[in-house]
Amino acid sequence: MAAVLTNDITKQFEGVAAVAGISLSVPDGEFMVLLGPSGCGKTTFLRIICGLEKQTSGDILIGGTVVNEMPPRARGVAMMFQSYGLYPHYKVRDNIAFPLRTQRVAAAEIKKKVDWAAELLGIEHLLDRRPRQLSGGERQRVALARALVREPTVLLLDEPLSNLDAKLRASARNEIKQFQQRVGTTTIYVTHDQVEAMGMGDRIAVIDHGKVRQVGTPAAIYDDPADRFVATFVGSPPMNLVAWNGGHLGFRPENFLPKELVEDGAVTEFSFRVERAEYLGSERIVYGTLEGLESEQEVTAKLPPAHVPLESIRPGEVHPFAVRNSALCYFDKDGKRAIRH
Amino acid sequence: MVAIAEKSLKRRSRFQFILDRPKVLGPLFVSPAILYVLALVGVPFLLAVYYSVSAYTIYSQSYKFVGLSNFFQIFQSDIFRTTLANTFIFTFGSQILGLVLGKFGALLLLRPFPGRKIVRALIVLPWAVPVALATVAWEWMFDSLYSVINWTLIALGFIDRSDAPNWLGTPHLAMLCVMVVNAWRFFPFAIVIFLAGITAVPQDVIDAATVDGAGFWRRNYQIIVPIIAPIVVVGLIFGTVFTFTDLSIVYLLTMGGPVNATSVLGFEGFQVGILSGDVAHGAAISLVMLPVLLVLVVVMLRFIRRREI
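Residue numbers (the numbering used here), protein chains in the order written: chain A, 1 to 341; chain B, 342 to 650.
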């Protein structure tokens, strides 16, 4: 186990910057999530850390050692790929044993470790099958067992849940997180799914266009976004942005409520014209526009059906809405976060 | 409305949509191919079987049935036994050489370099050039007097003019020559097979092997080659069948010489059956190829089925 430190990593592909200077510090044992839209450079960055790609400039330190010139096998990292990359011609047992065989571990030791990894992930009964005989969830466990069997210094996961169906994804998310807490391996997890990022990460690094926009705990990323990109990328539906004093005023849809629900404390009031509503069971998403501002502004409100009866807010009506001032974020004209409103 | 529908239903002949039935249409479409195979492969094959158990020669065209005596006779002949051994050496030697060249050629062609597309196109040439043309060119390269290979070796000072090898005149060297020419013809095909196989291996699998600590050799021989083995064996089946039955290179380069050192079954069958007119023995020699190839092909197909992943 080891801390990972990257210092101003860049990567150019034929003149195009895929990674444009990422400096990131992942302490020992942390679960760090790299979150960003597809094509933002997060996978390239992960491949640079494990050594499959060579950075154009910048340093990588794993456990305090500069590993820039080391091949992947010397870095002691393990990586789990999006489509798992299991060896189709090997049985599960040999798949898991492969990283040990390349290190010339003694046969008895290999058997012990394979059994340990298989037991850890509950796949003992699959050891004599081949990858094609496994379901998606089972393949994912085998891939994880293969990554963990040699007790890597750092575990790199590249969108490991994207090939699973929605139901399986939720349980796998939980499993990976619990599992990481148990073994305590430093983990870097790449995803474009904010639910995974929010649910699993000790900290999240939001990446866009090859740059880190913000690093912070899930709560900090959500409540205190550093810029407009982070504000709109994280959260579903995304943060409302309203043109305001040359910049933008942002507030989360769930903080945009009928005025009578936000009586206490300092509030900012809006006049909300309701256009359309979606009832999603646990919540109601209401789309509409703000009236009485310089221009018409489209906003979304997320209402708790338990507190706001269905019949009280209907399309076509105009209602007084309000946001607590503490829940407002102000972004200047460059999209950067300014002082709290 | 119902009445009208029923009426029109009754009027339709039961053969009106006969071509829509897969059970009719399928055999109809396949039948030309079956007829063609029967006419061009089946009939000559049965004819050969018949000749091989008859006493037919072009001088005495008797269809007299002689049982398996033709086969006993050819197996007692030293020339035939040499020929059989030569065929195996020729086939496996050139296949192994072709596969090795193909594997490394494919690895080289996978790397990006300027002009790769042109090289990829040119590499297919040995395969596309007519065998007669190519073999004549090779014949000059191996010629005892004008050999450009010898000339180069002499110019580089590796050998002396007095002990320059007589490529096609020395038994072992002649065998090496026909193998090299055949491997040279076969290797572009092997490259294409390997390229197709290697590009089909998911990048994730290769990356996983790299991160798992596999170096170049382990990645190639424990991951890539086993994964593409079924594809390579299909190529090998083609190569083996074509080489085992081939007579063109031997015929054009050495005529089976020196002293039958490069005689192969196809050539020997042609020599005895067509050139000497002993059709019965020629057919028997050629038919020996059938069980051998059958066993080889069945073994290889079984291997593929077992390895299907």
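Ideal placement from N, C-alpha and C gives every residue a C-beta, glycine not left out.
These numbers come from a predicted model, not from an experiment.
Endpoints, the beta strand (DSSP E) within which residue i is located
i              : result
H248 (chain A) : G247 to F251
S617 (chain B) : Taken as a continuous stretch (DSSP letters only), S617 (chain B) belongs to no beta strand (DSSP E), as it is neither H nor E.
V33 (chain A)  : F31 to L35
K302 (chain A) : Q297 to L303
I188 (chain A) : T186 to T191
V605 (chain B) : Looking at the DSSP string, V605 (chain B) is not in any beta strand (DSSP E), and its letter there is neither H nor E.
F499 (chain B) : Where F499 (chain B) is concerned, there is no enclosing beta strand (DSSP E), given that its DSSP letter is neither H nor E.
Residue i, DSSP secondary structure in three states
i              : result
H319 (chain A) : strand
Q436 (chain B) : helix
K112 (chain A) : helix
G58 (chain A)  : strand
N7 (chain A)   : strand
N240 (chain A) : strand
Y391 (chain B) : helix
C50 (chain A)  : helix
M596 (chain B) : coil
L486 (chain B) : coil
S403 (chain B) : coil
I22 (chain A)  : strand
K91 (chain A)  : coil
V66 (chain A)  : strand
R362 (chain B) : coil
H341 (chain A) : Because H341 (chain A) carries a pLDDT of 45, less than 50, the predicted location of this residue cannot be relied on, and the following value inherits that uncertainty. The answer is coil: DSSP assigns H341 (chain A) none of H, G, I, E or B.
Min CB distance residue i to chain A below 8 Å
i              : result
G554 (chain B) : yes
M342 (chain B) : With a pLDDT of 47 at M342 (chain B), under the threshold of 50, the modelled position of that residue is not reliable, and the figure given next carries that caveat. Not an interface residue.
A290 (chain B) : Summary: the structure shown does not reach residue 290 (chain B), with chain B confined to residues 342 through 650, and so no result is reported for it.
R643 (chain B) : no
V573 (chain B) : no
T551 (chain B) : yes
I534 (chain B) : no
I568 (chain B) : yes
R559 (chain B) : yes
V519 (chain B) : no
I415 (chain B) : no
D545 (chain B) : yes
Chain B contact for residue i (CB, 8 Å cutoff)
i              : result
P160 (chain A) : no
V26 (chain A)  : no
R73 (chain A)  : yes
G36 (chain A)  : no
G136 (chain A) : no
A117 (chain A) : no
A354 (chain A) : With chain A represented from 1 up to 341, any question about residue 354 (chain A) goes unanswered, as that position is not in the structure.
Same chain, Cβ closer than 6 Å to residue i, five either side skipped, listed in chain order
i              : result
G598 (chain B) : none
V378 (chain B) : none
V323 (chain A) : F251, N255, F256 and T268
R340 (chain A) : Here R340 (chain A) scores only 49 on pLDDT, less than 50, and its place in the model should not be relied on; the value that follows carries that caveat. The answer is none, since no qualifying residue turns up.
I359 (chain B) : V365
A78 (chain A)  : A147, P152 and L155
Beta-carbon proximity list for residue i, same chain, < 7 Å, skipping 5 on both sides
i              : result
A140 (chain A) : Before going further, note that residue 140 (chain A) is Gln rather than Ala in the sequence given. Answer for Q140 (chain A): Y84, P160, L164 and A172, listed in chain order.
F290 (chain A) : In the sequence on display, residue 290 (chain A) carries Leu and not Phe. Hits under 7 Å: V242, F270, S271, F272, Q297 and V299.
M482 (chain B) : S488, V489 and I490
A524 (chain B) : S435, L438, G439 and L442
L52 (chain A)  : P72
I578 (chain B) : V638 and M641
Residue range of the unbroken alpha helix (DSSP H) whose run includes residue i
i              : result
M630 (chain B) : M630 to R648
A78 (chain A)  : Here A78 (chain A) belongs to no alpha helix (DSSP H); instead the beta strand (DSSP E) covers V77 to M80.
L466 (chain B) : L466 to A469
L168 (chain A) : A166 to V183
Residues near residue i by beta carbon distance below 8 Å, same chain, minus five either side
i              : result
G122 (chain A) : R141
P237 (chain A) : P253, I285, T300 and K302
Notebook entry, point to check: Which residue spans inside the region 254-292 of chain A form an unbroken beta strand (DSSP E) run of at least 3?
Noted result: You should have 267-279 and 284-291.
Margin query: If we require 4 or more residues per run, which alpha helix (DSSP H) segments fall completely within the region 513-566 of chain B?
Written below: With a minimum length of 4 residues, the continuous alpha helix (DSSP H) runs that stay inside the region 513-566 of chain B are 544-552.
Note to self: Which runs of the beta strand (DSSP E) at least 3 residues long sit entirely within the region 194-226 of chain A? Give them in chain order.
What the structure shows: Listed in chain order, they are 203-208 and 211-216.
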